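In what follows, a single structure is set out as structure tokens and then discussed.
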Amino acid sequence: MKIPKIILVITLPLILLAWIWFSRVPPSAQVPASIAAPREDFLAPLFTLETFRGGEIDIADLKGQPLILNFWASWCPPCRAEMPDFQQAWEEYRDSGLVIIGVNATYQDSLNEMQSFIASNQLTFPILLDTRGSVSSLYQVRSLPTTFFINSEGVITKTIIGGPIPLSLLRVEADQLLMDNYHAPDP
Amino acid sequence: MLPILDLGPLSLPIPPLVLLLGFWLASTLAEKQASKSGADPEIISKITWVAVAAGLLGARLSFIARNMYAFRGQWASVLSLNPALLDISGGLVIAAAASFYVASKNQRGDWSLLDQFVPFIALFMPAIYIANFASGAGYGTMTDLPWRIEIWGAQRHPVQLYYLLSSLVVFTILEIRKDTDPNPPGSRMLSFIIYTAGYITIFSRFQDPGGNLVGSFRTLQLTAWAVFTIAMLIAYQQQHREDKNASS
């Protein structure tokens, strides 16, 4: 028996509508990100590393501040090209509460070349040393540079693989992070 | 998940490569089918390339227009190769407008032209899902079903594969029916839209919505349902008109 087309036109959308009703997300599932993973909408994985100038930084201590996390190495041409723009962004935004951190892939870099690159470019934002590659592995960094934009609640809002990232894009993303920070409720 | 393929000193990003390959295969197939059916294959490639070029240019211009302040003293970055400086929605609008302009300039502003694009879009959709699977984008909700996959810190539905299989089924159905359909112009595109919006409505239930919700409903699912319903109504009206013309 052939089903009249008008019946299909009416019933199929209704069946799908019932499916949509069945598929709705309960309020209990609409919770903020609770799993740590190196991807947008997930909590940024926590770590502690030594800084280039001595001392340690624990990422967990930065909660409440928007953060740009850039993985780089001195042998990587796009990393070298974008570092002056990161420095410029640091100078423009550090007083607004934005934190920029460079994570040097020290396990695959030369310490001397990294030091001379930092000195010649007068980089003043914190540089962390990933000497064992554990943090690069934690963030599943497969290509350098890779940059994570993390909001004040510790959630990754954007990932950019590759570069160089120009200052104009850093400004757009920094302003977005700071705007989210402004709207975020007090912890 | 395979976002980057390391080949010696080379790190190849898989998702854009899959998309490029999909684009090439899809446009080749669309041109071949157009010339087989007696249509002008030139118009297909012309519109496709105009859409890509206008889309890229439009996406960059739209990004600049929306963030003009950020470019102060940085105008060279207007030419940056970084794809993060693209506004996708602006690019899509410009690409659609440019395609429409080229189609009407070639006196092909009719519905049958849309049908000629069906093989292109139908074969490009699987490429999008493979790229998503490789990058881990559009990941599924958590599950304990036997075919779950480990992704982003949890066991999840391989929803990209659900979409991929559905899109391949749609492509196959449309290919089988392409020579037998006596339907009016535009109906092949309508069929594609109905099938695609249908499976997206069904399988988006297994996709993690992130924050994309309207109340407790998934935005993607609601949008796909609306597209499905509208396309069904248009197809019904079209068929009804054809039947009426045939009987008179």
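Top line first, the protein sequences correspond to chains C and V.
Under the numbering used here, the first residue of the first sequence is numbered 762, with each subsequent residue one higher.
Under the numbering used here, the first residue of the second sequence is numbered 196, with each subsequent residue one higher.
Ideal Cβ positions, reconstructed from N, Cα and C, are used throughout, including at glycine.
Nothing here was measured: the structure is a model prediction, and the numbers come from that model.
#1: Kindly provide the ranges of any alpha helix (DSSP H) runs that are 4 or more residues long and lie completely inside the stretch 308-374 of chain V, ordered along the chain.
#2: What do you get for residue 825(C), buried or exposed, if any count of 16 or more other CB atoms within 10 angstroms of its CB means buried?
#3: Consult DSSP for residue 306(V) and reduce its assignment to one of helix, strand or coil.
#4: Could you check the C-alpha separation between residue 804(C) and residue 434(V) for me, to the nearest Å?
#5: How close, in whole Å, do the beta carbons of residue 324(V) and residue 365(V) come, if the pair is a contact with beta carbons under 8 angstroms?
#6: Can you say whether residue 213(V) is buried or exposed, counting buried as having 16 or more other CB atoms within 10 angstroms of its CB?
#7: Give the residues from the stretch 414-443 of chain V that approach chain C closer than 9 angstroms (Cβ to any Cβ), ordered along the chain.
#8: Please name the residue, chosen from 436(V), 401(V), 211(V), that lies closest to residue 785(C) on a Cα-to-Cα basis.
#9: What are the start and end residues of the alpha helix (DSSP H) that includes residue 422(V)?
#10: Please list, in chain order, all residues of the same chain as residue 432(V) whose beta carbon is under 6 angstroms from its beta carbon, the five residues on each side excluded.
#11: Can a CB atom of chain V be found closer than 9 angstroms to the CB of residue 785(C)?
#12: To the nearest angstrom, how far is it from the Cα of residue 807(C) to the Cα of residue 847(C)?
#13: Taking the C-alpha atoms as reference points, what is the distance between residue 421(V) and residue 382(V)?
#14: Using a Cβ distance threshold of 8 angstroms, determine whether the stretch 274-290 of chain V contacts the stretch 242-259 of chain V, with at least three qualifying pairs required.
#15: Along chain V, which residues have their Cβ under 9 angstroms away from the Cβ of residue 896(C)?
#16: Using 9 angstroms as the limit for Cβ to Cβ distance, is residue 909(C) near chain V?
#17: In the structure shown, what three-state DSSP assignment does residue 829(C) receive?
If we stick to the structure as given:
#1: 313-330, 354-372
#2: exposed
#3: DSSP places residue 306(V) within a helical segment (H, G or I) once states are collapsed to three.
#4: 51 angstroms
#5: Contact doesn't hold; Cβ gap of about 12 angstroms is too wide.
#6: buried
#7: 416, 417, 419, 420, 423, 424, 427, 428, 430, 431, 434, 435
#8: 401(V)
#9: 414-442
#10: none
#11: Yes, residue 785(C) lies at the interface with chain V (some Cβ there is under 9 angstroms from its Cβ).
#12: 22 angstroms
#13: 18 angstroms
#14: yes
#15: Those within 9 angstroms of residue 896(C) in chain V number zero; the least Cβ separation is about 16 angstroms.
#16: Cβ-Cβ to chain V under 9 angstroms: no for residue 909(C).
#17: strand
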